[in-house]
Amino acid sequence: YRMFTSRAEYRLLLREETADLRLGRYGHALGLIDDAQMEQIELKRRQINEGLELLEETIYTPNKEFLAFLESIDEERISDKLNGTQLVSRKSFELDKLVKLIPSFATLDPYIQEQILIEAKYARYVEKQSDDIERMSKMLHIAIPENFDFASVSGLSNEIVDKLGKFNPPTLQAASQISGMTPAALDILQIYIKMACQKQKSSRMTTKD
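See below:
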């Protein structure tokens, strides 16, 4: 875990205010969080998820009544139907407007309201980062061929090339553990490894012929 989320690759998923939601179950399993605290964390999680589901499922249409509502909260009109998540994702949509849009949210703790707003605003980006993480997890199992020429990989810094040559990692998983290695560098390395494997395969086929 990194000290500063600003230095982390997937910072939207590592926000400090969601640490209890992300790590609470681990803390509970290790005895660092008692049952009562865990119940509170799970309650938060449920309320946030239910709020997000409500936004996702609520559809708004550009009828006279809703257009008047948007004008009353100083929001631009809509021309097509959209759901609550899409509306809340606007930069101009703030917490006070969220409570006016969904009055039932007024009974929720301000922290819960804020998390629903943040999660809804960044839903597309969080989904993308989750997809990136899944793709990266699959990619890390790729083996690096023996005697692979790291210096031939265009786009890697000299420092990374030196470290790769020094440690000679057997897989991308091992390469990812080298300090200074970034997801972008792993992406580039993965492309060159595939090219090298394809070239090797073609050479074997030519030799057989």
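In this note's numbering, the protein residues as written are 1 to 209.
Heads up, the beta-carbon is just placed ideally off N, CA and C, and yes, glycines get one too.
What is the rounded straight-line gap between the Cα of residue i and the Cα of residue j?
i	j	result
Glu-53	Ile-78	21 Å
Leu-189	Val-153	7 Å
Ala-8	His-141	Because the pLDDT at Ala-8 is just 47, under 50, the model does not fix this residue reliably, and the value given afterwards should be weighed accordingly. For Ala-8 and His-141, the distance between alpha carbons rounds to 22 Å.
Leu-101	Gln-37	31 Å
Ile-160	Gly-180	7 Å
Ala-151	Lys-166	12 Å
How far does the alpha helix (DSSP H) with residue i in it reach, from first residue to last?
i	result
Asn-158	158-167
Gly-108	Note that residue 108 corresponds to Leu in the displayed sequence, not to Gly. Neither: Leu-108 is in no alpha helix (DSSP H) and is coded neither H nor E.
Ala-175	172-176
Arg-22	19-29
Arg-218	The chain is shown only over 1 to 209; residue 218 falls outside these bounds and no answer can be derived.
Asp-34	Per DSSP, Asp-34 belongs to no alpha helix (DSSP H) and is neither H nor E.
Beta-carbon within less than 6 Å of residue i's beta-carbon, same chain only, minus the 5 sequence neighbours each way: which residues are those?
i	result
Lys-97	Ile-73
Residue i and residue j look like a contact to me (Cβ under 8 Å); what is the Cβ gap, rounded to whole Å?
i	j	result
Ile-212	Leu-164	As shown, the chain starts at 1 and ends at 209. That puts residue 212 outside it, with no answer to give.
Leu-186	Ala-196	No, Leu-186 and Ala-196 are not in contact; Cβ-Cβ is about 15 Å, not under 8 Å.
Pro-183	Met-136	6 Å
Verify whether the separation of the beta carbon atoms of residue i and residue j is less than 8 Å.
i	j	result
Gln-113	Val-99	yes
Ile-193	Ile-144	yes
Asp-20	Ile-41	yes
Phe-105	Gly-27	no
Leaving aside the five residues before and after residue i along the sequence, list all residues of the same chain whose C-beta is less than 7 Å from its C-beta, in chain order.
i	result
Val-88	Leu-55, Leu-98, Leu-117, Ala-120, Lys-121
Ile-59	Lys-81, Asn-83
Is the CB of residue i under 8 Å away from at least one CB in chain C?
i	result
Tyr-60	Protein chains in the displayed structure number just one, and chain C is not present.
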